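Encoded as structure tokens, the structure appears first; notes follow it.
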Amino acid sequence: MMGVRGSTLIGVAILVWVAWIVLATDSEARIERTCQPVLWFGNVATSLTQLTFNEYQDSVQESFESADYACRFTVWRLLHEDAWIESQQGTDPEAPTGEGE
1 MMGVRGSTLI GVAILVWVAW IVLATDSEAR IERTCQPVLW FGNVATSLTQ LTFNEYQDSV
61 QESFESADYA CRFTVWRLLH EDAWIESQQG TDPEAPTGEG E
């Protein structure tokens with residue numbers, strides 16, 4: 001019975017997180033909110049590492065900062081890369097169009 005409650009809580013947390021993302025006012029805020037859990041887990045992991053293996057704290061923090069950047073880049077590419085490429089091709093007449101490749 002406890003497993004059902006735990007999965008329900010996780011499901012509700014995910015729904016709240018998705019609603020929080022959708023309610024953002026602009027695209028940049030949506031990307032930031034999408035990747036926010038990476039920073040939350042990073043803060044917890046960094047704190048636990050600082051308590052137990054202090055010498056590894058900086059490398060753990062850097063790893064999660066890198067993961068946050070990777071998340072933001074991935075979400076940006078999924079949502080905006082095509083529009084960005086189109087806008088760049090509109091300003092550069094020699095840009096490849098992707099036709100005939």
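Numbers 1 to 101, taken from UniProt numbering, label the letters of the sequence shown in order. The beta-carbon is built from N, C-alpha and C at its ideal position, and this holds for glycine as well. Fair warning: this is a prediction, and the values are worked out from it, not measured in the lab.
- Residue 61 holds the alpha-carbon nearest to the alpha-carbon of residue 43 among 20, 73, 30, 61.
- The Cβ atoms of residue 82 and residue 38 do not sit closer than 8 angstroms to each other.
- Annotated three-state conformation of residue 53 is coil, per DSSP.
- Per the Cβ contact rule, the stretch 23-41 is in contact with the stretch 69-76 (3 or more Cβ pairs under 8 angstroms).
- Here the alpha carbons of residue 55 and residue 34 stand approximately 30 angstroms from one another.
- Annotated as proximal: residue 75 and residue 31, with beta-carbon spacing under 8 angstroms.
- Shortest Cα-Cα distance from residue 79 to any of 53, 52, 29 involves 29.
- CA-CA distance, residue 59 to residue 17, rounds to 28 angstroms.
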